[in-house]
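Participant:
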Amino acid sequence: MARDFSKRGSAAQQQLQMKNVSVVFQHDSTQWYNKQFTITELTTSLNSVTNTSPGPDTIPFIFLSHFSSSQLSSLLKFYNYLWCNGLPHQWKFSIIVPILKPGKPSTEASSYRPIALTNCLCKLMEKMVTRRLQQFLITNRSIDPCQSGFRARHSTLDAVTRFETAIRLGLIEDDIVMAIFIDITQAFDTVWHDGLLRKLQMLRLSGNLPRFIEEFLKNRRISVRLGTTASSNHPVVAGVPQGSVISPTLFNIMINDLLHSCIGVEYSLYADDCALWVRKRSVQDCVAVLQPALDSMTAWSTKWGLHLSPAKTKAMLFTRRRAISSPVLNLSGSSVDFVHSHCFLGITFDSKLTWRNHIHKLHDRCQKDTRILSLVSSQGWGADFVTLRQLYISLIRSKLDYASFLLSSACPTYLKILDRIQYAAARVMLGVIRCTPTDGLEAESNLMPLDIRRSLLMVQYVARVLSVPDHPCRKLLLSYFPFQFYKHQRFPLPVIAHAYETYLNNNISFTQIPQIPNLSTHTVYTLPVHSSLHTSLKSATSNSVWQTLFLDLQTKYPEYTSVFTDGSYKDDLCGAGVWSDSFSLIARLPYNTSVFTSELYAIYICLTFLKQRAGQYAIYTDSYSSISALQNIKRHSHYLVYRIADIISSSPSTKFIIEWVPGHVGISGNEQADELAKRARLVPRVCPLLLPYRELRQTFQAHHHSLWKQRWSASPSRLQPLKPSFDLHDILYLPRKQQLVLTRIRFRTCLFTHKHHFNKELPPQCTQCRVRLTLEHILLFCQTFDNPRIALKSACRELEKPFCMYTLLSTTFPPGVLITYLEVTNYFSKI
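For the sequence shown, my numbering assigns the number 7 to the initial residue and increments by one for each residue that follows.
(1) Taking the alpha-carbon positions, what's the A236 to S229 distance?
(2) Taking the straight line between their C-alpha atoms, what separation do you get for Q21 and L223?
(3) DSSP on K107, reduced to helix/strand/coil?
(4) Answer with buried or exposed for D792, where buried requires no fewer than 16 other C-beta atoms within 10 angstroms of its C-beta.
(5) Hey, how far is the Cα of T419 from the Cα of R362?
(6) Would you kindly report the start and end of the unbroken alpha helix (DSSP H) that includes F31?
(7) Short check: CB of K799 to CB of F787, under 8 Å?
(8) Going by other Cβ atoms of all chains shown within 10 Å of its Cβ, with 16 needed for buried, is H72 buried or exposed?
(9) The alpha helix (DSSP H) spanning H369 covers which residue range?
(10) The alpha helix (DSSP H) that contains Y85, what's its start and end?
(11) Within a Cβ cutoff of 8 Å, which residues of the same chain sit near I330, ignoring the five residues on either side of it in sequence?
(12) With C-beta atoms as the reference, is V29 less than 8 Å away from L203?
(13) Reducing DSSP to helix, strand and coil, say where S631 ends up.
(14) Taking only the alpha-carbon atoms, compute the straight-line gap between L368 and K422 and give it to the nearest angstrom.
(15) Under a Cβ-count criterion, where at least 16 other Cβ atoms within 10 Å of its own Cβ denotes burial, should A281 be classed as buried or exposed?
(16) Residue range of the alpha helix (DSSP H) that W714 falls in?
(17) Is the distance from the Cβ of P520 to the Cβ of L636 below 8 Å?
(18) Does the distance from the CB of I439 to the CB of R750 come in under 8 Å?
(19) Quick one: give me the first and last residue of the alpha helix (DSSP H) that A277 is part of.
(20) In whole angstroms, give me the CA-to-CA distance for A277 and P151.
(21) How is Q21 classed by DSSP in three states: helix, strand or coil?
(22) With a threshold of 16 other CB atoms inside 10 Å of the CB of Q396, please say whether the residue is buried or exposed.
(23) What residue range does the alpha helix (DSSP H) around G822 cover?
(24) On the DSSP bridge assignment, give the partners of S340 in chain order.
(25) If you draw a straight line from the C-alpha of A17 to the C-alpha of W306, how long is it?
(26) So the candidates are T325, D370, G339, S383; which of them puts its Cα closest to the Cα of S357?
(27) In the DSSP assignment, the beta strand (DSSP E) including R147 goes from what residue to what residue?
(28) Grouping DSSP H, G and I as helix and E and B as strand, with all else coil, what is D356?
(29) When we look at the beta-carbon of H366 and count the other beta-carbons within 10 Å, is it buried (16 or more) or exposed?
(30) My understanding is that V667 touches Y623, with C-beta atoms under 8 Å, so please give their C-beta distance in whole angstroms.
(31) When the distance is taken between beta carbons, is V251 closer than 8 Å to T136?
(32) Assuming contact is defined by CB atoms lying nearer than 8 Å, are F67 and C126 in contact in what I supplied?
(33) Just to confirm the assignment, what range does the beta strand (DSSP E) spanning E507 have?
(34) In terms of residues, what are the limits of the alpha helix (DSSP H) holding V747?
(35) Just the C-alpha distance for N146 and D301, rounded to the nearest angstrom, thanks.
(36) May I ask which residues mark the beginning and end of the alpha helix (DSSP H) holding K481?
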C-alpha cells in the first residue's frame with residue numbers, strides 16, 4: 007500500500023519533468039509576507055489548533071498549548087531560524103493512515119484515502135505560513151470567487167445553492183439546463199510539484215514564503231501504518247500531503263485557473279469537486295458552449311498534470327420538456343455518460359429536481375443511525391434522555407440539516423418521510439411506545455419541527471453569505487427581483503426567492519447585513535488595547551482605591567487626551583455616549599440592540615470622530631467584553647470589532663490607546679459618558695446601525711421559535727396544556743426507567759392501556775370496578791387504591807391545585823410521589 011501511495015502520479019510526473027520547468031525563488035526581504043514571525047502570529051495560530059493526532063515525534067498540540075511565555079519566545083526564535091534557513095528533514099516524513107472511501111472495495115489500494123500525520127510543530131508553523139499565504143491571495147484577488155473549498159465563510163452550500171437556482175429558473179422559464187460533473191483522478195495525490203511552484207512564481211511570490219513551500223514539498227517520505235504495524239519508508243514524487251495544514255490552500259492555487267478559459271458557462275469548485283452548467287433554449291445551444299469548455303479543460307489538464315476521468319465524469323439534462331435525447335459530449339477523447347440523477351457535494355440531483363432520490367437516500371442513512379439510537383436506549387442499562395437527544399442531534403439531525411433548505415421545494419409527501427425520521431427518533435429518546443401520537447413528540451423533546459428549522463437554517467445561511475463582499479451567492483441574492491411571473495406559475499421557486507420573502511416578512515433588507523472584508527478575517531491584528539486595572543476584583547476594592555488606581559493609570563499616558571465611552575440599555579432602548587473635556591458624542595441605537603453592540607459602537611464613533619484630528623488619545627471603556635473582543639479577534643467576531651481594528655491599524659501606532667476602567671466607581675469621565683449614554687436612549691433620531699450577524703441570528707431564532715409556539719398553541723394534542731414552553735422539564739433528567747414511565751403517563755399511552763391494539767385483543771377491564779382499565783381510572787377512581795391515593799391528594803393540596811389528571815401530569819407535581827404510588831399499586835412495571 008505504501009508503494010502504491012508513493013507511486014501515485016509518478017508516471018505523469020516523469021513526463022512533465024521532461025518539460026524542464028525551472029523555478030528559482032529569489033531572496034526578497036522587502037515583502038511583508040517574508041518578514042519574521044511575531045509572537046502575536048504564533049499565539050493566534052496556537053489558540054486555533056485542535057487536539058489532532060500527533061506525527062512521528064508524538065508531540066501533541068496540547069503539550070504546546072501549555073508553553074510558558076519564555077518557552078513560546080524560544081519556539082518563535084526557532085521558527086524564524088527555519089523560516090530563513092529551511093526545514094529539518096524530520097518534518098518531511100509523514101505517517102500515512104489509510105481511510106477507506108465510502109462504498110469502495112477494501113481489497114484495492116486505490117480505495118483508500120492517504121491521510122498524512124505530520125509533526126505538530128510543523129503544523130503550527132504551517133498555520134502561520136498559511137495565514138500569510140491566504141492574506142496574500144485575498145489582497146491580490148488571486149483565488150477564483152467560485153472556489154468554495156477550504157475558504158473561510160464558504161462551504162459546499164454555496165455551490166449547490168447556485169446550481170439549484172440555475173435549475174429552478176430554467177424549469178420556470180422552460181429552458182434546458184445542461185450540467186457536467188467533472189472527476190479529477192486522485193487530485194491531491196497527483197499534484198505536479200514543479201507546476202505548483204511555477205504557479206506560485208506566476209503569482210509574483212518570492213523570498214521565504216515560496217521557498218518554505220518548495221522545501222515542504224521536496225524530498226518527502228511516507229510510511230503506512232495499520233494498527234501497530236508500519237511499512238518501510240518510501241519517497242513521494244507528487245501530490246500534496248492530505249492532512250497537512252497548508253495543502254488545501256496549495257491545491258486551490260494549483261486548480262485555480264482550471265475553468266478560466268471556459269467561456270459562457272457557469273461553474274463551481276469545491277476543492278476538486280467541479281461542476282459546470284449552461285442554461286439555453288435548446289440542447290444544441292448547450293453543447294455549442296459546453297464542448298469548447300471541455301476541450302479547454304482537457305488542454306489544461308495535459309499542461310498541468312492532473313488527469314480528468316471521462317469514465318467517472320457525468321452529465322445531466324434538467325428540463326420539463328419530454329422526449330429530449332441526450333447529445334454527445336467528449337472529454338479527453340471519450341464520450342461523457344448522461345445520467346438521470348447524480349450526487350454532487352452530498353446532494354442527489356434528479357432531472358426534474360423533485361429531490362425524490364435524495365430524500366430516499368437520506369432516509370436510508372438516517373434509519374441506520376436510528377437503530378443505533380435504539381440499541382443504546384435500553385430501559386435497564388441504556389442512556390438517559392439527555393444523552394440520547396445529544397446523539398440524535400449529532401448523528402441524525404446533522405444529516406437532516408445539511409442543505410435542508412433546498413429540500414423545501416419538495417412535495418409534502420416526500421417531506422413527510424423526513425418528518426417521520428424525527429418522530430421515530432423522538433419516540434426512542436422519550437421511551438414511548440409506537441402508537442404515541444406524533445403531535446407532541448417534538449414539543450416534549452424540544453426539537454423544532456423540520457419545516458420551521460429548514461426556514462431558520464436558510465435565513466442564517468443567507469445572512470452569512472451576505473456578509474462576504476465577493477461571494478457569488480451574494481450577487482445572486484442582491485440581483486433577485488420577485489417578478490409577478492414567478493409568483494403565478496406552478497413550478498417551485500429557487501431558494502433565494504424563499505429567502506427574499508422571509509427577510510421581507512421580517513422587515514429586513516439584504517443591504518442591512520454588514521459586510522466584513524475577507525482580508526480583515528485573515529489579518530493578525532496587534533492593537534494597543536489593554537486591561538491594566540483588571541488585576542483587582544471590582545467588588546473587593548473600594549471606590550476611592552479605584553479612583554486612585556485610575557489616576558495612576560493616567561500618568562502612564564501624559565501626552566494623551568483622555569476620552570471615555572459607554573453604552574446603555576434599558577426597556578429595549580439603547581444608546582451610546584462619548585465624553586471628553588473638549589467634546590461629547592451621543593447616538594441612539596435601534597430597538598433591542600445589545601449592550602455589547604452599544605459599547606463597541608461608542609468606541610467606533612469615538613475613533614471615527616478622532617481619526618482625522620491631530621493629537622494622541624487614550625480611550626477608556628468600562629466594557630471588559632469589548633476589551634476582550636479586541637484583544638482576541640476571531641474570524642466570527644462582531645463586525646464593529648473589525649472596523650475598530652481597521653481604524654486603529656491604519657492610524658499612526660501611537661495615536662490611540664484603549665484601556666479598561668471599572669464602571670460606577672466614581673471615575674468622573676466614566677460617569678459623564680454613562681450619563682450621555684442614558685440620555686442618548688431618549689433621542690428621537692435613531693442611528694441606522696447595521697445588524698451584527700450574532701444578533702441577527704438571535705432575531706431569526708426568536709421569530710421561528712414564535713412560529714413554532716403559535717403552531718403548538720393551536721395544536722389539539724392532549725399534551726399541549728401540560729407543555730406551555732419547549733424547555734426540557736425535570737422529569738426528563740430522572741433515571742431512565744422513571745423518566746420513561748412518567749413520560750408515557752404524560753402522553754397517556756401505556757402498555758397496559760394500549761397493548762391490546764398490538765395483540766388484537768379486547769380492551770382490558772378493571773376486575774374490581776368492572777369498567778375499562780384506563781390511566782385515569784388507576785390514578786383517580788379505582789377503589790382498590792384509595793389508601794395509596796391519599797399521598798397524591800395530599801400533594802395536590804400542598805400545590806393548592808385540584809386533584810385531577812392535569813395536576814398529576816403537570817411538571818410541577820412532585821415526580822417522586824407519583825412514582826411511589828405506581829410502585830405501591832404494582833403498575834410501575836406495567837406502564
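We put the CB at the ideal spot given by N, CA and C, even for glycine.
Computed from a predicted model, the values in this text were never measured in an experiment.
Facilitator: In terms of the structure at hand:
(1) The count along the sequence shown starts at 1 and reaches residue 236 at position 230. The count along the sequence shown starts at 1 and reaches residue 229 at position 223. When rounded, the distance between both Cα atoms is 6 Å.
(2) As a working note, residue 21 is residue 15 in the sequence shown. As a working note, residue 223 is residue 217 in the sequence shown. Unreliable positioning characterises Q21 in this predicted model, as indicated by a pLDDT of 49, which lies under 50. The coordinate reading is nonetheless provided below. Roughly 19 Å separates the two Cα atoms.
(3) Here residue 107 is taken as the residue at index 101 of the sequence shown, counted from 1. Coil, per DSSP.
(4) As a working note, residue 792 is residue 786 in the sequence shown. The residue is exposed, with fewer than 16 neighbouring Cβ atoms inside 10 Å.
(5) Here the question's residue 419 lines up with position 413 in the sequence shown. Here the question's residue 362 lines up with position 356 in the sequence shown. The straight-line gap separating the alpha-carbon atoms of T419 and R362 is approximately 10 Å.
(6) As a first step, residue 31 is located in the sequence shown; it is residue number 25 there, counting from the start. It is not in any alpha helix (DSSP H) - F31 carries neither H nor E in the DSSP assignment.
(7) As a working mapping, residue 799 is identified with position 793 in the sequence shown. As a working mapping, residue 787 is identified with position 781 in the sequence shown. It is not a contact, given that the beta carbons lie outside the stated cut-off.
(8) Locating residue 72 in the sequence shown gives position 66, where the first residue counts as 1. Counting of Cβ neighbours within 10 angstroms places H72 among the exposed residues, the total staying below 16.
(9) Here residue 369 corresponds to residue number 363 of the sequence shown, with the count starting at 1. Note, H369: alpha helix (DSSP H), 362–381.
(10) Taking the first residue of the sequence shown as position 1, residue 85 is located at position 79. In the DSSP assignment, Y85 falls within the unbroken alpha helix (DSSP H) covering 75–91.
(11) Within the sequence shown, the letter at position 324 stands for residue 330. Hits under 8 Å: I182, V289, L323.
(12) Within the sequence shown, numbered from 1, the residue matching residue 29 stands at position 23. Within the sequence shown, numbered from 1, the residue matching residue 203 stands at position 197. For V29 and L203, yes; Cβs fall inside 8 Å.
(13) Looking up residue 631 in the sequence shown gives position 625. In the structure shown, S631 sits in a helix (DSSP, three-state: H, G or I).
(14) Here residue 368 refers to the residue found at position 362 when the sequence shown is read from its first residue. Here residue 422 refers to the residue found at position 416 when the sequence shown is read from its first residue. Using only the alpha carbons, I get a separation of about 13 Å.
(15) Against the sequence shown, residue 281 aligns to sequence position 275. Buried: at least 16 other Cβ atoms inside 10 Å.
(16) Counting from one through the sequence shown, the residue named residue 714 turns up at place 708. Segment 699–719, the alpha helix (DSSP H) holding W714.
(17) Position 514 of the sequence shown, counted from the start, is the residue given in the question as residue 520. Position 630 of the sequence shown, counted from the start, is the residue given in the question as residue 636. Against a cut-off of 8 Å, the Cβ pair of L636 and P520 comes out as no contact.
(18) Along the sequence shown, read from residue 1 onward, the residue named residue 439 stands at position 433. Along the sequence shown, read from residue 1 onward, the residue named residue 750 stands at position 744. Yes, they are a contact pair.
(19) On the sequence shown, residue 277 is found 271 positions in, with the first residue counted as 1. Premise fails: A277 is in no alpha helix (DSSP H) and is neither H nor E.
(20) The residue labelled residue 277 in the question sits at position 271 within the sequence shown. The residue labelled residue 151 in the question sits at position 145 within the sequence shown. Counting only the Cα atoms, P151 lies some 13 Å from A277.
(21) Start at 1 with the first residue of the sequence shown, and residue 21 comes out as number 15. Its pLDDT being 49, under 50, Q21 is placed unreliably by the model, and the measurement read from it follows with that caveat. Looking at Q21 - three-state DSSP - the assignment turns out to be helix.
(22) Taking the sequence shown and counting its residues from 1, the one referred to as residue 396 is at position 390. Exposed, by the Cβ-count rule.
(23) Against the sequence shown, residue 822 aligns to sequence position 816. Segment 821–830, the alpha helix (DSSP H) holding G822.
(24) Taking the first residue of the sequence shown as 1, we reach residue 340 at position 334. Paired residue(s): L337.
(25) Position 11 of the sequence shown, counted from the start, is the residue given in the question as residue 17. Position 300 of the sequence shown, counted from the start, is the residue given in the question as residue 306. Unreliable placement is indicated for A17, whose pLDDT of 46 sits below 50; no coordinate value is reported for it.
(26) Counting from 1 along the sequence shown, the entry for residue 357 is found at position 351. Nearest option by C-alpha distance: T325.
(27) The residue you call residue 147 lines up with position 141 of the sequence shown. Here R147 belongs to no beta strand (DSSP E), and DSSP marks it neither H nor E.
(28) The residue labelled residue 356 in the question sits at position 350 within the sequence shown. Residue state, collapsed to three classes: strand.
(29) Position 360 of the sequence shown, counted from the start, is the residue given in the question as residue 366. With fewer than 16 Cβ atoms within 10 Å of its Cβ, H366 is classed as exposed.
(30) The residue you call residue 667 lines up with position 661 of the sequence shown. The residue you call residue 623 lines up with position 617 of the sequence shown. Contact doesn't hold; Cβ gap of about 15 Å is too wide.
(31) Looking up residue 136 in the sequence shown gives position 130. Looking up residue 251 in the sequence shown gives position 245. T136 places its beta carbon less than 8 Å from that of V251.
(32) On the sequence shown, position 61 is the one that residue 67 refers to. On the sequence shown, position 120 is the one that residue 126 refers to. Yes, the pair counts as a contact, with Cβ atoms nearer than the cut-off.
(33) Here residue 507 corresponds to residue number 501 of the sequence shown, with the count starting at 1. First-last for E507: 501–511, but that is the alpha helix (DSSP H), not the beta strand (DSSP E).
(34) Taking the sequence shown and counting its residues from 1, the one referred to as residue 747 is at position 741. Counting along the chain, the alpha helix (DSSP H) containing V747 begins and ends at 742–753.
(35) On the sequence shown, position 140 is the one that residue 146 refers to. On the sequence shown, position 295 is the one that residue 301 refers to. Cα to Cα, N146 sits roughly 29 Å from D301.
(36) Counted from its first residue, the sequence shown places residue 481 at position 475. Start and end: 478–485.
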